[in-house]
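Here's the structure we're looking at; comments come further down.
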Amino acid sequence: MIVLERVGKHYRRGVPVLRDIDLTVPTGVATVISGGNGSGKSTLLRIVAGVLRPTSGRVRGRPRSIGYLPSPFPAELRLSATGYLRHFAAIRGLPASRAIGHAREVLDRLGFAGDPDEPIRTLSKGNMHKVGLAQALLPSEGLLVLDEPWSGLDHAAQLTLDVMIGELVAQGRGVLITDHVGHALRLPDRRALVLTDGLLHAQRDSPETPAVTVELTGAAEVLDTVAGLAGVRGSERRSGGVRLLVDRAVSDTLLAEALRLGASVRTVTSPERVV
Amino acid sequence: MLALLRYLLADVLKSHRYFPPAFLYLLVSGIFDARGDSGPALNAYGASALVLYPVGAWLAVTVANAEDNTQRGITATAAGGWRKLTAAVAILSMAGLTPLVLVSTVWPAITTAHPYRFTELAVGFAAQLACGWTGVAVGVLLGRPVVRKIGWSMLAIAAVVVLTYQFGRIPPVGSMIGLLGNVPPTMASAAATVLESLAIAVVLVIGVVLGVSEVAGRRGQ
Chain W
268 MIVLERVGKH YRRGVPVLRD IDLTVPTGVA TVISGGNGSG KSTLLRIVAG
318 VLRPTSGRVR GRPRSIGYLP SPFPAELRLS ATGYLRHFAA IRGLPASRAI
368 GHAREVLDRL GFAGDPDEPI RTLSKGNMHK VGLAQALLPS EGLLVLDEPW
418 SGLDHAAQLT LDVMIGELVA QGRGVLITDH VGHALRLPDR RALVLTDGLL
468 HAQRDSPETP AVTVELTGAA EVLDTVAGLA GVRGSERRSG GVRLLVDRAV
518 SDTLLAEALR LGASVRTVTS PERVV
Chain S
998 MLALLRYLLA DVLKSHRYFP PAFLYLLVSG IFDARGDSGP ALNAYGASAL
1048 VLYPVGAWLA VTVANAEDNT QRGITATAAG GWRKLTAAVA ILSMAGLTPL
1098 VLVSTVWPAI TTAHPYRFTE LAVGFAAQLA CGWTGVAVGV LLGRPVVRKI
1148 GWSMLAIAAV VVLTYQFGRI PPVGSMIGLL GNVPPTMASA AATVLESLAI
1198 AVVLVIGVVL GVSEVAGRRG Q
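In order, the protein sequences belong to chains W and S. Residue numbers for the first sequence, in the working numbering: 268 to 542. Residue numbers for the second sequence, in the working numbering: 998 to 1218.
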């Protein structure tokens, strides 16, 4: 089990990207890190994967085998998908036939459409990403470090990937994932963390309290009041209105209060849920 | 390590970037060789040793820069760290030079009237190898991740090479060129100097691999 102790990272002349990060990546659960663009999610994953050394703090118990998917997956690879996966299975010391069979299965399930014997750089962006996933998911025992694994995948492949991650977690693998679009909310066994200003916090929401998105219009001070009510997890000001992420349990009460205050409701949407 | 070397070799071969340094080397050593037989056996190797130093550096930069920067991170993770990847880059470059050195060692023995003894061939081979491997140390130092753009790498290599030649007969490169360009006192003393230079070249490569791996970890590429 990998443990990060008071890990910090800053680049030359730059503000710290990470400050005092304490993180344990347990097995049998998906650890999901969210945060805005440039919040340091990828930097944190690169430290866990062993690509980047922290400026301060230390990393203990890094397993020998790590399946790592960076974001974005490199676009200029000369080898074919078959050659690339064969070489990486060998580099990671995995038995060739089983590893290649497993990689083919992963590509099939994700709906890989392309010539596996042509150079990877001739594939579409989505298919390149699927090769990257197949590389990271090569059959070994160690930790999985996946940076934005859903990005660039078509909808069907995203749903399949949810299932695959669920299987890996059920097998007792440790999985560390970044997610800036909220896709990981669908994962059943997950631990959600948020990275802001270089610090890691536990995320308050959980799958047991699903959310609805509410769009309101009205006077600015009214919208500010509504955005401050209990049950509001997030808010985004938009032209002439506000978009709120609201706990479903209190959404009716909140809407009634918003209407009473004089706001008008534009849309209410419930995110698609996967069973 | 063998699997890693095989992968890097497959990638470098597909890039075709190894071609310019290899071609330059064969061209230049061919031109110098065309001057014909002149003096002692070892003198025929002076020119190729002179050229092998920058060619070794160029070849190492080619290998170090072949992979995409993000891909380098994936490869380092899969291989088990930056040290392994950097060492593989150096070993592949050193191994890639060996056939070139073999060609330029055997060629004068076949084409000239001068009779070559085995010891002369062996000393000539090792002396050229010492120059080429020192070049590899320079190339690994001045390629990715330390110098990220190949243009700057080439400029830095040119500067280091010119500077090395200015210093005269210091090991490992200057002493080899001096040895090959003159009549050596005895083959035994020549062999000792060559082995010393070869050992220094290997130590330089090891030192550079350790240092460059540190930089790679700090920069994450």
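Quick reminder that beta carbons are idealized off the backbone N, C-alpha and C, glycines included.
Within a Cβ cutoff of 6 Å, which residues of the same chain sit near residue i, ignoring the five residues on either side of it in sequence?
i          : result
Val489(W)  : Leu528, Gly529 and Ala530
Met1173(S) : Ala1046, Ala1124, Ala1127, Cys1128 and Ser1194
Val1206(S) : Thr1083, Ala1084 and Ala1087
Arg325(W)  : Glu272
Pro330(W)  : Gly409 and Leu410
Gly501(W)  : Leu512
Is the beta carbon of residue i sitting closer than 8 Å to the one on residue j?
i          : j          : result
Thr463(W)  : Ser309(W)  : no
Gly409(W)  : Ile333(W)  : yes
Leu1010(S) : Gly1132(S) : no
Ala1124(S) : Tyr1015(S) : no
Met998(S)  : Ala1085(S) : yes
His369(W)  : Leu411(W)  : no
Gly1052(S) : Leu1021(S) : Residue identity differs from the one stated: residue 1052(S) is Val in this sequence, not Gly. In this structure, Leu1021(S) lies closer than 8 Å to Val1052(S) by Cβ.
Gly498(W)  : Asp519(W)  : no
Leu467(W)  : Leu460(W)  : yes
Ala342(W)  : Arg388(W)  : yes
Gln402(W)  : Leu435(W)  : no
His1111(S) : Ala1044(S) : no
Gly1217(S) : Gly1070(S) : yes
Ala1198(S) : Pro1169(S) : yes
Val292(W)  : Arg457(W)  : no
Val442(W)  : Ile432(W)  : yes
Determine, using beta carbons only, whether residue i comes closer than 8 Å to chain W.
i          : result
Val1206(S) : no
Thr1095(S) : no
Ser1210(S) : no
Gln1163(S) : no
Ile1088(S) : no
Leu1001(S) : yes
Lys1011(S) : yes
Ala973(S)  : With chain S covering 998 to 1218 only, the question about residue 973(S) has no answer from this structure.
Arg1215(S) : yes
Ala1076(S) : yes
Does chain S have any CB closer than 8 Å to the CB of residue i?
i         : result
Phe355(W) : yes
Leu346(W) : yes
Ile432(W) : no
Pro337(W) : yes
Pro341(W) : yes
Ile333(W) : yes
Leu312(W) : no
Val318(W) : yes
Ile444(W) : no
Gly419(W) : no
Any heavy atom of the ligand MG closer than 7 Å to the Cβ of residue i?
i          : result
Thr1067(S) : The ligand MG is absent from the structure shown, which contains no ligand whatsoever.
Consider the Cβ of residue i: report whether some Cβ of chain B lies at a distance smaller than 8 Å.
i          : result
Tyr1015(S) : Absent here is chain B; the protein component of the structure consists of chains W and S.
Identify whether residue i lies in helix, strand or coil by the three-state DSSP scheme.
i          : result
Thr322(W)  : coil
Tyr335(W)  : strand
Thr294(W)  : coil
Glu475(W)  : Note that Glu475(W) scores a pLDDT of 47, beneath 50, so its modelled location is shaky and nothing firm can be said.
Val1143(S) : coil
Ile300(W)  : strand
Ser518(W)  : helix
Val481(W)  : strand
Arg1069(S) : helix
Leu1047(S) : helix
Ala530(W)  : coil
Ile1088(S) : helix
Ala1041(S) : helix
Leu420(W)  : coil
Asp266(W)  : Given a span of 268 to 542 for chain W in the structure shown, any question on residue 266(W) remains unanswerable.
Gly441(W)  : strand
Gly498(W)  : coil
Gly1171(S) : helix
Asp446(W)  : coil
Gly1165(S) : coil
Quick one: what's got a C-beta closer than 7 Å to residue i's C-beta in the same chain, skipping five residues either side?
i          : result
Phe379(W)  : Asn394 and Lys397
Glu482(W)  : Gly508, Arg510, Arg533 and Thr534
Arg1003(S) : none
Gly1214(S) : Trp1079
Ala486(W)  : Gly529
Glu385(W)  : Ser347
Gly1027(S) : none
Could you pull out every residue in the same chain whose Cβ sits closer than 8 Å to the Cβ of residue i, ignoring the five residues on either side in sequence?
i          : result
Ile314(W)  : Leu271, Val274, Lys276, Leu285, Arg320, Pro321 and Val326
Lys1081(S) : Met998, Leu1001 and Ala1073
Glu475(W)  : Note that Glu475(W) scores 47 on pLDDT, short of 50, meaning its location in the model is unreliable and no value can be drawn from it.
Three CB pairs or more closer than 8 Å across the region 1083-1098 of chain S and the region 1144-1161 of chain S
no
Counting beta carbon pairs with one atom in the region 335-343 of chain W and one in the region 416-423 of chain W, are three or more of them shorter than 8 Å?
yes
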